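K.L.:
Before I ask anything, let me first share the structure, which is written out below as structure tokens.
Residue numbers (the working numbering), protein chains in the order written: chain P, 577 to 690; chain V, 481 to 586.
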């Protein structure tokens, strides 16, 4: 099993450009999450999904969009990139059941907006 | 949303020492987990512990759900324990604390 796979690992964007961060999991997990982590800080929840077709805003959703058309994939879209979106982005997934809700993380995407 | 507070923010130990990290939640949660982020940024799940006590080697964790806090104990610390320890909790949405940065000196 590959677990949670994020692509790309690194990306540099110019201000105003758009891009999609990809996240896929092969564990048949229901729940998926997107977080951002600024240097020296904790993780902030951007969006999350409890199943295909369902998404909800987290703490810092402005400037981002998500979709969940399949159980496996949860892409994060940045529109009109801004320097404030420079961060490391982590995708995570879990079963979401009451007995097995451990979060598994991808290796992260380091994004710089210049 | 739920607020998560971690203490202390920084901790420096000599190898072999013990430590206790604390996590407080602003409201009840049905999911609570502890993570270790290594110096390369990788996040490793240590415990899923919405209540009770669990142990894994030199690490153990206790959650008192009625009082909305959790403790992570590290015994006989090693240099490889260095990194940042996060707790996270929530219901459907999982919120993270700011972390405790642990440095273990040889």
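The C-beta atom is built at its ideal place from N, Cα and C for all residues, glycine as well.
From a predicted model like this one, the values you see are computed outputs, not experimental measurements.
Just the chain P side, please: which residues come within less than 7 Å of residue 528 of chain V by C-beta, in chain order?
P.N.:
The contacting residues are 677, 678.
K.L.:
The beta strand (DSSP E) spanning residue 585 of chain V covers which residue range?
P.N.:
Here the beta strand (DSSP E) through residue 585 of chain V covers 580 to 585.
K.L.:
By the criterion of Cβ-Cβ separation under 8 Å, what are the contact partners of residue 566 of chain V in chain P?
P.N.:
Those within 8 Å of residue 566 of chain V in chain P are 618, 619.
K.L.:
Just checking, does the segment 500 to 519 of chain V make contact with the segment 540 to 554 of chain V on the three C-beta pairs under 8 Å criterion?
P.N.:
The segment 500 to 519 of chain V is in contact with the segment 540 to 554 of chain V.
K.L.:
Please report how far the alpha carbon of residue 573 of chain V lies from the alpha carbon of residue 642 of chain P, in whole angstroms.
P.N.:
Distance between the alpha carbons of residue 573 of chain V and residue 642 of chain P: 15 Å.
K.L.:
Taking 8 Å as the threshold (C-beta atoms), are residue 497 of chain V and residue 618 of chain P in contact?
P.N.:
No, these two residues do not count as a Cβ contact at 8 Å.
K.L.:
Here's the rule I'm using: 16 or more other beta-carbon atoms within 10 Å means buried, otherwise exposed. How should residue 531 of chain V be labelled?
P.N.:
Under this definition residue 531 of chain V is an exposed residue.
K.L.:
For residue 522 of chain V and residue 667 of chain P, I'd like the C-alpha separation in whole angstroms.
P.N.:
Their Cα atoms are separated by approximately 12 Å.
K.L.:
Any idea which residues DSSP pairs residue 565 of chain V with across the strands?
P.N.:
Per DSSP, V:516, V:580.
K.L.:
Taking 8 Å as the threshold (C-beta atoms), are residue 601 of chain P and residue 626 of chain P in contact?
P.N.:
Not closer than 8 Å, so no.
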